[in-house]
Structure formats: C-alpha cells, structure tokens
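The sequence shown begins at 281 in our numbering and counts up by one. First up is the structure itself, then whatever we jot down about it.
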Amino acid sequence: MYKKIEILEARLFEKEIENDTLKKDVKNLNSQVNIQSEENTKLKAELANQEYNRRRSENDSNQYSRSNNIILSGIDHSTTEIDPNGTPLFESAEISIAKINSITKKSLTLEDVDIAHRLKRSPNGKKDIILRFKSRMTRNRVLRQSKLLRAKGVYVRENLTPLNHEVFMSVKRKMSDEVKSVWSRNGAISYKDARDVVHRVEWEDYQHWLDIP
Numbered sequence: 281m282y283k284k285i286e287i288l289e290a291r292l293f294e295k296e297i298e299n300d301t302l303k304k305d306v307k308n309l310n311s312q313v314n315i316q317s318e319e320n321t322k323l324k325a326e327l328a329n330q331e332y333n334r335r336r337s338e339n340d341s342n343q344y345s346r347s348n349n350i351i352l353s354g355i356d357h358s359t360t361e362i363d364p365n366g367t368p369l370f371e372s373a374e375i376s377i378a379k380i381n382s383i384t385k386k387s388l389t390l391e392d393v394d395i396a397h398r399l400k401r402s403p404n405g406k407k408d409i410i411l412r413f414k415s416r417m418t419r420n421r422v423l424r425q426s427k428l429l430r431a432k433g434v435y436v437r438e439n440l441t442p443l444n445h446e447v448f449m450s451v452k453r454k455m456s457d458e459v460k461s462v463w464s465r466n467g468a469i470s471y472k473d474a475r476d477v478v479h480r481v482e483w484e485d486y487q488h489w490l491d492i493p
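Here's what the structure looks like:
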C-alpha cells in the first residue's frame with residue numbers, strides 16, 4: 281500500500297516538474313511573441329515613415345518640375361487652337377502672350393515660352409491654358425501682375441501638383457468662415473485667417489486639411 285502511494289507521489293512530483301517546465305516554456309514563448317510583436321510594430325512604423333517621406337519627396341520633385349509653369353483662366357477659346365489629338369498648339373501661346381501684354385503693358389514674346397496648350401474643359405465649360413516659360417524669372421514677372429490681370433477677368437495661378445491643389449482647395453473651401461484668402465508661392469500654400477494672421481500650410485498639416493469634411 282505504502283509502495284503504491286510512493287509511486288503515485290513520485291509520478292505526481294514528476295508531473296509538477298513537467299508543469300513547471302511547461303510554464304517556463306510558455307513564459308519564454310510569450311516573451312518571444314511580445315518581442316516579435318514589438319519588432320513588427322517598429323517595422324510598420326519605419327515603413328510608414330519611409331512611405332511618408334517618399335510621398336513628400338515625390339510631391340516636392342513634382343512641384344519643382346512645374347516651377348516655370350502658370351495656368352491662365354478667362355481667355356476665350358479660339359477656333360484656330362482646335363486639335364482633335366490634343367497636341368500643344370502654337371496659337372495658345374500667341375493668344376496668351378497677346379492677352380497678358382495687352383493688360384499689363386509688358387513686352388513678352390513667343391521666345392519666352394517653352395510650350396502652351398489648353399487643359400481639359402472646366403466645370404464652367406471653359407478650358408484653361410497651361411503656359412510653360414523658359415525662365416522662372418519670366419514666370420514670376422507674370423505672377424506679380426496677377427491683380428492687374430484679375431481686374432480684367434484673366435486669372436493666373438501656379439501650376440500645383442494634384443496633391444497641392446487638393447490641399448489648396450481644401451483650405452479655400454472647407455473652412456471659409458475662418459479663412460479669408462489663400463495663395464501659393466513656389467508651391468508653398470499660405471492663408472490669412474479671420475484675424476488677418478497669415479499661416480503657412482506645412483506638409484505635416486496636409487492630412488488635417490484633407491480630412492476635414
């Protein structure tokens with residue numbers, strides 16, 4: 281009888297040792313899982329940061345490539361500009377330069393222009409003109425005449441990237457009661473609030489403006 285009890289006690293002791301060993305193994309596994317989970321979290325954060333920086337760099341490069349461009353609105357369409365293939369037309373440049381010169385009394389020539397063509401039709405039924413100058417200095421000269429041109433119904437603006445344009449329109453439209461005016465300079469977006477305080481929209485602010493309903 282005592283021998284059976286000793287055998288059972290020995291088996292029970294062995295089981296307890298096995299359980300302790302299993303508990304240690306489980307604890308070690310949990311620790312490894314936690315470490316792996318932390319590493320995965322860090323890796324996801326690093327990947328997200330890399331993607332964030334990639335998008336910013338790509339947007340900056342895209343905007344830089346548009347540094348010599350302007351977009352003109354309010355210039356009537358001419359039948360001589362029609363091209364069913366949508367290729368750039370010489371007449372678009374001629375019409376743009378003539379209109380700018382007639383209003384601003386400047387002396388721009390076709391030699392100042394690299395290329396010009398009509399964009400897709402806007403909601404108001406008109407087609408804007410994108411004008412690429414050979415010199416950024418010339419482009420800036422035209423931009424400085426924006427108020428004078430606007431007074432005559434011709435609107436000139438920078439050629440923003442799709443993302444920058446979306447943010448620009450978000451700032452302009454989504455909080456119109458707090459934003460008095462919005463403008464861009466070399467791709468950088470700024471606005472004046474209701475207290476006449478000027479704010480620059482930084483890259484870190486983009487998502488905030490895009491998320492506003």
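Virtual Cβ for every residue (Gly too), placed ideally from N, Cα, C. In this text, all values refer to a predicted model and were calculated from it rather than measured experimentally.
With a threshold of 16 other CB atoms inside 10 Å of the CB of Q343, please say whether the residue is buried or exposed.
Looking at its Cβ environment, which holds 16 or more other Cβ atoms inside 10 Å, Q343 is buried.
Taking only the alpha-carbon atoms, compute the straight-line gap between L390 and I375 and give it to the nearest angstrom.
C-alpha separation (whole angstroms): 10 Å.
Taking the runs of the beta strand (DSSP E) that are 3 residues or longer, which of them lie wholly in the stretch 383-434?
Correct list: 393-401, 407-413.
Just verifying my parser: in three-state terms, what is the DSSP assignment at A468?
A468 sits in a strand when the DSSP states are folded into three classes.
Using CA atoms only, rank isn't needed, just tell me which of S345, N444, R424, K460 is closest to W483.
N444
Where do the N-terminal and C-terminal ends of the beta strand (DSSP E) with H479 fall, by residue?
478-481
Burial state of Y332, where buried means 16 or more other Cβ atoms lie within 10 Å:
With fewer than 16 Cβ atoms within 10 Å of its Cβ, Y332 is classed as exposed.
Cβ separation of N466 and R412, assumed to be a contact under 8 Å, to the nearest whole Å
About 16 Å separates the two Cβ atoms, so there is no contact after all.
Under 8 Å, with one C-beta from each stretch per pair, do the stretch 417-424 and the stretch 441-460 reach the 3-pair mark?
no
Same chain only: Cβ atoms within 7 Å of K472, ignoring 5 sequence neighbours per side:
K460, S461, V478
From E326 to E319, what distance separates their C-alpha atoms?
10 Å
Identity of the residue in V393, S372, L428 nearest K385 by Cα
L428
Which residue's Cα is closest to the Cα of D491: D476, A468, M455?
M455
Alpha-carbon spacing of R334 relative to G433, whole angstroms
Roughly 39 Å between the two C-alpha positions.
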